[in-house]
Structures are given as structure tokens and as C-alpha cells.
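**Student:** One structure is given below, represented as C-alpha cells, and several questions about it will come after.
2 protein chains.
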Amino acid sequence: MAITLRQQDADFEQRFSAFLTTKREVSADVEAVVRDIIARVRAEGDKALVDYTLKFDKADLGALGIAVSKDDIAKAYQTADPATIEALKFARDRIRSHHQRQKPKDDRYTDAAGVELGSRWTAIEAVGLYVPGGTASYPSSVLMNAVPAKVAGVERIVIVVPATRGVINPLVLVAADLAGVSEIYRVGGAQAVAALAHGTETIMPVAKIVGPGNAYVAAAKRQVFGTVGIDMIAGPSEVLVVADADNDPDWIAADLLAQAEHDVSAQSILITDNAEFGKAVEQAVERQLKVLPRAETAAASWRDFGAVILVPALEASLPLVDRIAAEHVELAFDDAESFLGRMRNAGAVFIGRHTPEVIGDYVGGSNHVLPTARSARFSSGLSVLDFVKRTSILKLGPEQLKLLAPAAIALAKAEGLDAHARSVAIRLNM
Amino acid sequence: MAITLRQQDADFEQRFSAFLTTKREVSADVEAVVRDIIARVRAEGDKALVDYTLKFDKADLGALGIAVSKDDIAKAYQTADPATIEALKFARDRIRSHHQRQKPKDDRYTDAAGVELGSRWTAIEAVGLYVPGGTASYPSSVLMNAVPAKVAGVERIVIVVPATRGVINPLVLVAADLAGVSEIYRVGGAQAVAALAHGTETIMPVAKIVGPGNAYVAAAKRQVFGTVGIDMIAGPSEVLVVADADNDPDWIAADLLAQAEHDVSAQSILITDNAEFGKAVEQAVERQLKVLPRAETAAASWRDFGAVILVPALEASLPLVDRIAAEHVELAFDDAESFLGRMRNAGAVFIGRHTPEVIGDYVGGSNHVLPTARSARFSSGLSVLDFVKRTSILKLGPEQLKLLAPAAIALAKAEGLDAHARSVAIRLNM
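As you go down the protein sequences, you meet chains Z and A in turn. So the working numbering is basically just the index in the first sequence, starting at one, shifted up by 362. So the working numbering is basically just the index in the second sequence, starting at one, shifted up by 362.
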């Protein structure tokens with residue numbers, strides 16, 4: 363059973379605040395182990411990768427090779443279910459179309475003073491994508507990370523993925539190939555992150571590393587940050603469904619459980635203005651749990667972190683929605699557009715009764731890599747912008763320099779930076 | 363004397379690689395101290411701020427007050443030099459005009475399948491800006507951080523600045539006021555970052571913290587990251603000047619020294635195709651050093667990290683320029699536009715002989731907060747984008763859901779996520 367909070371109760375603010383700050387994940391302290399792994403990969407290169415892979419992934423890279431070959435990819439296509447390959451292509455095309463609209467435009471202009479200014483966007487030259495092994499090895503995540511990089515114009519897109527006991531999910535290889543990934547290596551863990559950041563004999567270094575991973579991978583990304591760029595560190599996933607009583611409780615329960623089945627630390631929250639409806643959804647959750655293959659995970663998540671929040675009117679939930687700042691927000695009621703217009707914080711919003719969040723996980727076209735754990739207050743989902751960077755441009759002639767010089771010199775002197783003042787003044791014989 | 367590297371020498375690649383990886387800053391290990399400070403501010407709030415400020419800044423907030431008052435700001439206007447105030451206004455207006463062009467546009471559209479997709483940008487609700495004390499207390503940096511936040515639409519812009527021995531640079535207060543900052547507090551160091559992230563009785567928490575600071579401030583920002591967003595961690599500053607022999611050696615030397623006077627770990631690099639010109643610039647540097655107030659700092663920077671790189675033709679420097687990925691790049695030769703068109707990595711580019719980098723520090727209009735230490739390979743300077751975040755939007759009707767459902771269900775099943783498949787199927791009675 364999830365907890366129930368009533369906005370009109372006297373202790374609501376206190377209980378809601380406590381709910382918001384509940385930690386859903388304990389991060390293991392793996393800093394020191396990771397530091398050693400990175401140092402050894404820097405010192406020994408491929409040899410360290412082979413050793414660590416034998417130890418952690420029980421795979422012999424001496425026999426398999428560090429790099430995945432074209433043959434391996436061809437075999438993956440033969441192994442994979444053809445209908446699933448078609449579904450991946452369908453998803454790839456939709457993701458590509460949507461992300462093409464995100465490409466930022468260069469801007470170059472001359473202002474009233476005759477000064478030329480500009481912003482020029484260029485793709486990052488090489489990007490590494492970490493793909494987890496085992497059950498968390500999601501081909502959809504390969505598309506969600508690699509397609510925006512490709513759209514951005516990244517030349518080298520490199521995947522690292524652990525081959526646990528020698529095996530890589532063939533759908534991961536197919537998704538990588540469909541997305542236009544250039545290189546794939548059979549390494550995982552902190553050692554893979556170290557190889558991407560610092561390079562080895564086989565793996566050329568990249569400029570930025572993205573993609574989800576376990577505590578070791580997250581710690582390694584933090585440690586190499588600066589040498590390379592990294593994406594946000596993903597936390598446990600969450601959904602917030604705001605629904606009125608006109609919804610089918612079974613539909614809403616299914617959406618809450620789709621989130622809960624991800625992980626015991628996932629979080630599903632229902633906000634409704636109708637206590638009866640809230641009860642009906644809770645009952646539907648219990649019923650559906652009985653037939654779910656991943657019921658154990660989903661039940662634990664719902665029990666430990668799930669919540670039903672009762673509000674006097676959906677309108678009253680607006681400040682709560684912004685404070686929760688959920689990764690996924692479903693607005694399942696009629697006037698959702700007006701509500702959305704007044705919302706501030708959410709990773710992604712799914713509007714209406716026929717837009718289950720799961721569509722966004724796979725084939726909506728928008729990205730499923732989204733800010734978790736309230737970070738939608740200050741950050742955005744993955745996009746083409748994560749694979750480009752901006753150079754600013756300034757161009758003055760002698761007339762413009764003369765015009766801007768007095769203020770520049772005044773400010774440089776006020777800040778005690780005489781060489782700054784001089785580099786302007788010297789050009790004007792001042 | 364800076365080092366000289368010749369691209370045509372046999373050992374160039376080796377020496378250039380070593381030069382690129384030279385560490386210019388040793389970061390002190392202050393993690394544990396900072397952890398304690400943050401814990402105490404969380405536990406004791408304002409009281410901890412008062413205690414730490416007495417200890418570290420020798421200022422009595424019991425008497426002065428934590429918050430800077432309107433009276434304090436009015437006094438700052440009276441104290442400051444009127445010409446400098448005018449220069450700040452001039453800079454503020456130019457920065458504002460340029461950054462207004464950076465506001466991202468919402469995108470909402472219906473694709474061929476009838477699916478509605480969108481990206482909606484909203485301002486971060488509250489942002490904290492750290493301003494260092496003492497000699498590094500630059501009013502220009504207040505404008506460069508606060509103006510883009512204001513343009514983005516951030517409602518609460520909060521400055522923290524240490525009042526060393528009770529004193530805050532009046533120009534910092536004037537710049538904050540001109541930029542539209544909402545609140546200013548007399549606290550600095552890790553304790554100020556902790557207060558911004560977690561809040562105290564006097565200081566309401568913010569959602570993101572930006573601005574430069576010392577090792578304690580940088581460590582505190584890293585530690586509160588996740589609770590709040592942070593900007594990049596700024597490293598030592600650098601300039602790369604690419605110049606032919608048609609330049610006045612004194613002008614170029616002045617530009618190299620403007621960078622070098624910032625800090626002993628700043629870096630100034632000249633690339634030229636003319637060895638005689640390189641020598642002339644080096645001689646000009648030595649001459650100018652004799653009259654500079656900050657000669658000691660500038661000389662140390664030039665001696666320890668400065669470089670003159672000789673290339674057979676400026677064209678040949680293109681790959682070197684991209685590998686250096688400098689914060690500031692001056693292109694002081696005739697065909698700079700074509701060169702720029704083929705460059706990939708730079709924080710900001712200054713074109714032609716009349717655009718000294720210093721113009722960009724103050725009054726060009728572009729931002730002076732730029733990626734340092736080769737991070738222009740993967741990141742961009744500060745902009746309006748740092749103060750907004752994007753929510754993605756998806757909206758399907760029953761027809762669109764029917765169309766997308768088969769691929770979504772196939773992928774969910776392939777990933778072993780049955781509750782995902784079910785949340786789509788249940789809406790179609792599948």
C-alpha cells in the first residue's frame with residue numbers, strides 16, 4: 363500500500379515536505395575502488411580492460427576481441443526477432459524526426475554600433491555512450507542516446523557495453539547499428555568509462571560520455587568529468603499522474619505500475635480530486651500486481667515510495683506538481699492544456715487519457731532520458747543540445763573599438779586589471 | 363620566458379601533447395572540511411552562517427545583518443565613481459541586447475501521424491550567484507551571470523558575497539542592482555553555497571547555483587549538485603592568439619599579458635607563422651612587463667605556462683587550435699573568417715586586429731563566462747540556456763495510440779517490461 367496524503371489535512375505541508383525529501387536510493391561508496399580502476403586503465407591500457415573484464419564480466423576479450431566486428435552485428439540481425447527490428451526502425455525514425463527540430467541555429471548579426479556578434483554551434487567531435495549489461499540493457503535507450511548525437515552531427519559515436527559471460531543483447535547491437543553508431547566495444551564498468559576518457563591502444567578517447575550505469579559507472583563519470591564532459595547522473599525514475607474521476611482506474615493503475623516495475627526505488631504518484639477514484643486505482647493496482655511478471659519489484663516500489671495525494675480540486679495541485687518536479691507527468695483530465703500552461707517543473711508531460719507515459723519511452727519521438735529526483739527544477743531531458751557546443755564570436759573595426767574602448771578601460775581599471783585596459787588603449791594610441 | 367614549439371620539429375607531437383596535458387592548477391583537498399560546513403549550515407541555519415562569517419571573513423553579521431539592505435545599495439551608488447557606474451550601465455545594456463537573442467523558442471507541432479509533440483521552455487524559478495570577495499570581486503562578472511538569468515525570466519536572483527572585514531566592493535552592489543538582482547546576502551565560502559542549496563531562516567533555497575569561487579566554493583558546489591543545479595566549475599583562464607607578421611607586436615603582447623595578469627595559472631599562447639614576429643612579441647612582453655602593476659603574476663604565468671608555437675603556415679595551425687580548445691581565441695590575420703568556418707573548438711573567437719579579447723570581458727555584449735582548460739571541446743559559455751529548462755510534451759488521441767501501440771508493445775516485451783506493454787494495451791482492449 364502506498365501512502366495517502368490529503369491536501370486539506372492540518373499536517374499536510376509537513377508530511378508532503380517529508381515525502382519530497384525521502385531518499386529513494388543509497389549510493390554505495392565506491393570512490394576509492396573506481397579511482398584505482400581508472401588509474402590502472404590509464405597506466406596499462408587494453409591489458410587492464412582484458413583483466414577487469416575477465417574478473418567482473420567473466421568474459422575473455424583475448425578470445426572475443428575488445429571491438430565488436432561487422433560480422434557480430436550481422437549475426438545480431440539474424441538472431442533478433444524481425445518484428446522487434448521493425449519496431450526499432452519505427453522508433454528510430456520517429457526519434458530522428460523529432461530531434462531534427464532541436465538543432466540550434468547559428469546567429470550572426472551587426473548591431474547598431476557596427477559591432478558584429480555571433481553564436482556558432484558545432485558538434486562535439488566524439489561521444490561515448492555507456493550501455494549497461496544484463497536486464498538493464500535496453501535497446502530503446504541506445505536509440506534515445508545515439509540518435510540525438512547523430513542528428514547533432516557527432517562524427518564518432520562509440521558504445522561500450524559489458525559482454526556478461528561473453529554475451530551482448532543482440533537488440534543492443536541492432537539498435538546501435540540502426541542509430542549510426544561508429545564503434546562498439548565489449549567493456550563495461552568503471553574501466554569502460556576510463557577507456558573512453560583517457561583512451562587505450564584500441565579505444566580512442568572521446569570528448570563526452572553519456573548514458574546510464576550502476577554506482578561504479580556513475581562514480582567513474584564523476585571522476586573523469588573535466589577531462590571529458592558527462593551527462594546528468596540519472597537517478598531512480600518516477601511518474602506523477604494527475605487524474606480526475608472520469609478515468610478508468612485500471613488504465614491509471616497500469617501507468618503507475620509501468621513506472622514501479624522499473625526498480626524498487628522507482629516512484630509512482632497519483633494526484634486526484636476524488637477519494638473514491640483514488641481508492642479504485644489502489645484496488646486496481648493490487649489486482650494487476652497479481653498477474654505481473656515483475657510484481658515483486660513493482661510491489662516494493664509502490665509500497666515504499668508510492669503515494670496517492672488527495673486534493674480538493676485538481677487546480678489546487680499545481681504548486682504540488684511543481685514541487686514534485688517529476689520526470690514524467692501525465693495530465694489525464696479535460697482541461698490539461700490550461701494546466702500545462704501554468705506548470706513550471708517537469709521532465710516530460712503526457713496530455714490526455716490516451717497518452718500513457720510508455721509511449722514516450724519508446725515511440726513518441728521525444729527523448730526518454732529525462733531529469734529525475736526533482737532535478738526538472740533546473741535541468742532538461744537529453745536533446746541535440748547535449749551533443750553540440752556554442753562558440754561566441756566578436757568582431758570590431760577601428761571605429762567600433764573607439765566607441766567601446768572608454769567603458770572597457772574604465773571597468774578594467776576599476777577592477778585593478780591594468781594590462782586589460784592597456785590591451786584596448788594601445789590600439790588607439792591612448 | 364615562455365616555451366617555444368616548432369610544428370616542423372621531429373619531436374613536436376610529443377612536446378605539444380605534453381604541453382596540452384600540463385596541469386596548471388592543483389586543487390586542494392577540501393572535501394571533508396566542506397562536508398562539515400554544509401552539515402552544520404543544514405543543522406543550525408543562520409547561526410552557522412554568523413559563526414563561520416566571524417571566523418573566515420572577520421565580519422560580524424549580528425551587527426551588519428545577513429541581508430544587504432536598500433540603504434546599503436543606495437550608499438554604494440554614492441560611493442562609486444560615477445564614470446564607472448555609467449560604464450557598468452553601458453555594459454549591462456550591451457549584454458542584455460545580445461542575450462535577448464538567445465531565448466529559446468517553444469516548439470509545438472502535429473506530425474503526419476496526428477501525434478502532437480512539443481518542447482516548452484520555462485525559467486528556473488530561483489538562482490543563486492556566488493560572487494567572490496577581495497580582489498577577485500569583479501562587478502563585470504556580476505553582470506555576466508545575472509543579466510542572462512534576468513533575460514531568461516528567473517524570478518529570484520540571489521547573490522551571496524563575502525563581506526571581508528565587513529566590506530563589500532560597492533561596484534558589486536551597483537552591478538547587482540543594475541542587473542536586477544532580487545536579494546544580496548553577506549556570506550561567502552562553502553557556508554554560502556550550503557545556505558543557497560538548503561536554505562536557512564533568512565535565505566530561501568534556490569534551484570541552481572552559478573558563479574566562480576575558490577577551492578572551497580567549487581567543492582561545495584560539487585557536493586550540493588543534485589539538490590540544486592550548478593554551472594561548470596571554472597578553471598584557470600587562457601587565451602590563444604593566432605597572428606601573422608602584419609600585426610603590431612606590442613598589440614599582441616598586450617593581449618597575452620591581459621590574460622596572464624589574471625592569475626599565475628592563467629595561460630597565454632601565441633601561434634604564428636613568422637619566427638621573427640614571434641621573437642618581437644616575446645621582446646614586447648618583456649618590455650611591457652616592466653610597467654605593469656600586476657607584473658609579478660603576469661610574469662609567472664608567462665614563464666610557467668606561456669608558449670609560442672611556430673607553424674609553417676597559419677593554415678597548418680587549424681588542428682592545433684582545435685586540440686588546444688582555448689577559452690579565448692584571437693584570430694589576428696586577414697582571412698580569419700574562412701579559418702573560423704573550419705574551426706571546431708573554442709569558447710569565444712575574436713576576429714581581426716581590432717578585437718582584443720578584453721572587449722569581450724566587458725562590453726562586447728557576449729558572455730565572459732566561458733569553458734576553460736580544453737572543455738570547449740564539449741561545453742559552451744554561459745547563456746540564457748543555463749537559466750531555463752525544457753519540458754517535452756506528447757499528446758495522442760485514440761487513433762494515434764492505435765497507430766503507435768504495436769511498436770511500443772513489441773519493444774516493451776523485448777525489454778521484459780510487461781507492465782509497460784500493458785499500460786498501452788489496456789487502452790485498446792488488446
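Positions of the beta carbon are idealized from the N, C-alpha and C atoms, including for glycine. Predicted model, so just to flag it, every value in this text is computed and none were measured.
Who are the Cβ neighbours of residue 422 (chain A) in its own chain at under 7 Å, not counting the five residues just before and after it?
**Tutor:** Along the second sequence, read from residue 1 onward, the residue named residue 422 (chain A) stands at position 60. The answer, listed in chain order, is 416.
**Student:** By alpha-carbon positions, which one of A:597, A:571, A:598 ends up nearest to residue 306 (chain A)?
**Tutor:** Examination of residue 306 (chain A) is not possible in this model, given that chain A is present from 363 through 792 alone.
**Student:** Are there three or more Cβ pairs, one per stretch, closer than 8 Å when the region 501–511 of chain Z is compared with the region 755–775 of chain Z?
**Tutor:** No, the region 501–511 of chain Z is not in contact with the region 755–775 of chain Z.
**Student:** Quick check: what's the CA-CA separation for residue 323 (chain A) versus residue 566 (chain A)?
**Tutor:** There is simply no residue 323 (chain A) to check, as chain A begins at 363 and stops at 792 in what is shown.
**Student:** According to DSSP, is residue 421 (chain A) helix, strand or coil?
**Tutor:** Translated into positions along the second sequence, residue 421 (chain A) becomes position 59. Coil, per DSSP.
**Student:** Only counting runs of 4 or more residues, tell me where the alpha helix (DSSP H) segments fall wholly within the region 520–562 of chain Z, in order along the chain.
**Tutor:** The qualifying runs are 532–541, 551–560.
**Student:** Give a yes or no on whether the C-beta atoms belonging to residue 755 (chain A) and residue 535 (chain A) are separated by under 8 Å.
**Tutor:** Within the second sequence, numbered from 1, the residue matching residue 755 (chain A) stands at position 393. Within the second sequence, numbered from 1, the residue matching residue 535 (chain A) stands at position 173. No, Cβ-Cβ distance for residue 755 (chain A) and residue 535 (chain A) is not below 8 Å.
**Student:** Can you tell which of A:580, A:643, A:592 has the C-alpha that lies nearest to the C-alpha of residue 388 (chain A)?
**Tutor:** Locating residue 388 (chain A) in the second sequence gives position 26, counting from the first residue. The shortest Cα separation from residue 388 (chain A) among A:580, A:643, A:592 belongs to A:580.
**Student:** What are the boundary residues of the alpha helix (DSSP H) that includes residue 629 (chain Z)?
**Tutor:** Counting from 1 along the first sequence, the entry for residue 629 (chain Z) is found at position 267. From DSSP, residue 629 (chain Z) is part of no alpha helix (DSSP H) but of the beta strand (DSSP E) over 629–634.
**Student:** Keeping to the same chain, check which residues put their C-beta closer than 7 Å to that of residue 623 (chain A); ignore five residues upstream and five downstream.
**Tutor:** For the purposes of this step, residue 623 (chain A) is taken as residue 261 along the second sequence, with counting starting at 1. Closer than 7 Å at the Cβ level, and outside the excluded window around residue 623 (chain A), lie 654, 656, 659, 660.
**Student:** Report back the beta-carbon spacing between residue 789 (chain A) and residue 765 (chain A) to the nearest angstrom; my notes put them in contact at under 8 Å.
**Tutor:** As a first step, residue 789 (chain A) is located in the second sequence; it is residue number 427 there, counting from the start. As a first step, residue 765 (chain A) is located in the second sequence; it is residue number 403 there, counting from the start. Between residue 765 (chain A) and residue 789 (chain A) the Cβ distance is about 13 Å, and since that is not below 8 Å, they are no contact.
**Student:** Looking at chain B, which residues of the region 718–741 of chain Z have a Cβ within less than 9 Å of any of its Cβ atoms?
**Tutor:** Any reference to chain B falls outside this structure, whose protein chains are Z and A.
**Student:** Could you give the first and the last residue of the continuous alpha helix (DSSP H) run that contains residue 712 (chain Z)?
**Tutor:** Looking up residue 712 (chain Z) in the first sequence gives position 350. Premise fails: residue 712 (chain Z) lies in the beta strand (DSSP E), 710–713, not in any alpha helix (DSSP H).
**Student:** Within the present structure, is the beta-carbon of residue 727 (chain Z) separated from the nearest heavy atom of the ligand ZN by less than 7 Å?
**Tutor:** By its list of ligands, the structure shown contains no ligand whatsoever, and the ligand ZN lies outside what it can speak to.
**Student:** Can you name the start and end residues of the alpha helix (DSSP H) that residue 500 (chain Z) belongs to?
**Tutor:** As a first step, residue 500 (chain Z) must be located in the first sequence, where it is residue number 138. No alpha helix (DSSP H) contains residue 500 (chain Z), which DSSP labels as neither H nor E.
**Student:** Given a cut-off of 8 Å on the beta-carbon distance, is the pair residue 619 (chain Z) and residue 781 (chain A) in contact?
**Tutor:** For the purposes of this step, residue 619 (chain Z) is taken as the residue at position 257 of the first sequence. For the purposes of this step, residue 781 (chain A) is taken as the residue at position 419 of the second sequence. Yes, they are a contact pair.
**Student:** Using a Cβ cut-off of 8 Å, pull out every chain A residue sitting near residue 612 (chain Z), in sequence order please.
**Tutor:** The residue labelled residue 612 (chain Z) in the question sits at position 250 within the first sequence. In chain order: 788.
**Student:** Can a CB atom of chain A be found closer than 8 Å to the CB of residue 627 (chain Z)?
**Tutor:** Taking the first residue of the first sequence as 1, we reach residue 627 (chain Z) at position 265. No, residue 627 (chain Z) lies away from the interface with chain A (no Cβ there is under 8 Å from its Cβ).
**Student:** Can you tell which of Z:530, Z:680, Z:544, Z:643 has its C-alpha closest to the C-alpha of residue 516 (chain Z)?
**Tutor:** The residue labelled residue 516 (chain Z) in the question sits at position 154 within the first sequence. Looking at the Cα atoms, Z:544 is the closest of the given residues.
**Student:** So, under 8 Å CB-CB, residue 670 (chain Z) and residue 366 (chain Z) are touching, yes? Tell me the CB distance rounded to an integer number of Å.
**Tutor:** As a working mapping, residue 670 (chain Z) is identified with position 308 in the first sequence. As a working mapping, residue 366 (chain Z) is identified with position 4 in the first sequence. About 5 Å separates the two Cβ atoms, so the contact holds.
**Student:** Measure the beta-carbon distance from residue 683 (chain Z) to residue 604 (chain Z) and round it to whole angstroms, keeping in mind my assumption that it falls under 8 Å.
**Tutor:** Looking up residue 683 (chain Z) in the first sequence gives position 321. Looking up residue 604 (chain Z) in the first sequence gives position 242. Sure, about 7 Å apart at Cβ, within 8 Å.
**Student:** So which residues on chain A does residue 500 (chain Z) lean against when the C-beta distance must stay under 7 Å?
**Tutor:** Your numbering for residue 500 (chain Z) matches position 138 in the first sequence. Under the 7 Å cutoff, chain A gives 777.
**Student:** Taking the CB atoms as reference points, tell me whether residue 821 (chain Z) and residue 408 (chain Z) lie closer together than 8 Å.
**Tutor:** Any property of residue 821 (chain Z) remains undetermined from this structure, which presents chain Z solely from 363 to 792.
**Student:** Give me, in chain order, the residues of the same chain whose beta-carbon lies closer than 7 Å to that of residue 593 (chain Z); leave out the 5 immediate sequence neighbours on both sides.
**Tutor:** In the first sequence, the residue the question calls residue 593 (chain Z) occupies position 231. Closer than 7 Å at the Cβ level, and outside the excluded window around residue 593 (chain Z), lie 572, 744, 748.
**Student:** Pull up the DSSP beta-bridge partners for residue 756 (chain Z), would you.
**Tutor:** Here the question's residue 756 (chain Z) lines up with position 394 in the first sequence. Answer is Z:479, A:712, bridged to residue 756 (chain Z).
**Student:** Output yes or no for whether 8 Å exceeds the beta carbon distance between residue 419 (chain Z) and residue 510 (chain Z).
**Tutor:** Stepping through the first sequence from its first residue, residue 419 (chain Z) is reached at position 57. Stepping through the first sequence from its first residue, residue 510 (chain Z) is reached at position 148. Cβ distance not < 8 Å, so residue 419 (chain Z) and residue 510 (chain Z) don't count as in contact.
**Student:** Taking the alpha helix (DSSP H) that residue 782 (chain A) falls in, what are its first and last residues?
**Tutor:** Looking up residue 782 (chain A) in the second sequence gives position 420. Residue 782 (chain A) -> alpha helix (DSSP H) spans 780–787.
**Student:** If you drop the 5 nearest sequence neighbours on each side, which residues of the same chain put their C-beta closer than 7 Å to that of residue 617 (chain A)?
**Tutor:** Counting from one through the second sequence, the residue named residue 617 (chain A) turns up at place 255. If we look at residue 617 (chain A) and ignore the five residues flanking it on each side, its Cβ neighbours are 601, 603, 692, 718, 719.
**Student:** Using a threshold of 8 Å, state whether the C-beta atoms of residue 786 (chain A) and residue 456 (chain A) are closer than that.
**Tutor:** Along the second sequence, one-based indexing puts residue 786 (chain A) at 424. Along the second sequence, one-based indexing puts residue 456 (chain A) at 94. No, they are not a contact pair.
**Student:** Please say whether residue 643 (chain A) and residue 615 (chain A) have beta carbons closer to each other than 8 Å?
**Tutor:** The residue you call residue 615 (chain A) lines up with position 253 of the second sequence. The residue you call residue 643 (chain A) lines up with position 281 of the second sequence. In contact: residue 615 (chain A) and residue 643 (chain A) (Cβ atoms closer than 8 Å).
**Student:** Residue 533 (chain Z) to residue 519 (chain Z), Cα distance in whole Å?
**Tutor:** Counting from 1 along the first sequence, the entry for residue 533 (chain Z) is found at position 171. Counting from 1 along the first sequence, the entry for residue 519 (chain Z) is found at position 157. Looking at the two C-alpha atoms, the distance is approximately 17 Å.
**Student:** Rounded to the nearest angstrom, what separates residue 474 (chain Z) and residue 738 (chain A) at their Cα positions?
**Tutor:** Stepping through the first sequence from its first residue, residue 474 (chain Z) is reached at position 112. Stepping through the second sequence from its first residue, residue 738 (chain A) is reached at position 376. Approximately 30 Å, taken between the alpha carbons.
**Student:** What does a CB cutoff of less than 8 Å around residue 505 (chain A) pick up in its chain, not counting 5 residues either side in sequence?
**Tutor:** Numbered from 1 along the second sequence, position 143 holds the residue referred to as residue 505 (chain A). Excluding residues within five positions, the ones whose Cβ falls inside 8 Å are 450, 453, 454, 457, 537, 540, 541.
**Student:** Can you say whether residue 640 (chain A) is buried or exposed, counting buried as having 16 or more other CB atoms within 10 angstroms of its CB?
**Tutor:** Numbered from its first residue, the second sequence carries residue 640 (chain A) at position 278. So residue 640 (chain A) ends up on the buried side.
**Student:** Please say whether residue 731 (chain Z) and residue 666 (chain Z) have beta carbons closer to each other than 8 Å?
**Tutor:** Residue 666 (chain Z) sits at position 304 when you count from the first residue of the first sequence. Residue 731 (chain Z) sits at position 369 when you count from the first residue of the first sequence. No, Cβ-Cβ distance for residue 666 (chain Z) and residue 731 (chain Z) is not below 8 Å.
**Student:** What does the Cβ neighbour count give for residue 431 (chain A), buried or exposed, with the cut at 16 atoms within 10 Å?
**Tutor:** For the purposes of this step, residue 431 (chain A) is taken as residue 69 along the second sequence, with counting starting at 1. The residue is exposed, with fewer than 16 neighbouring Cβ atoms inside 10 Å.
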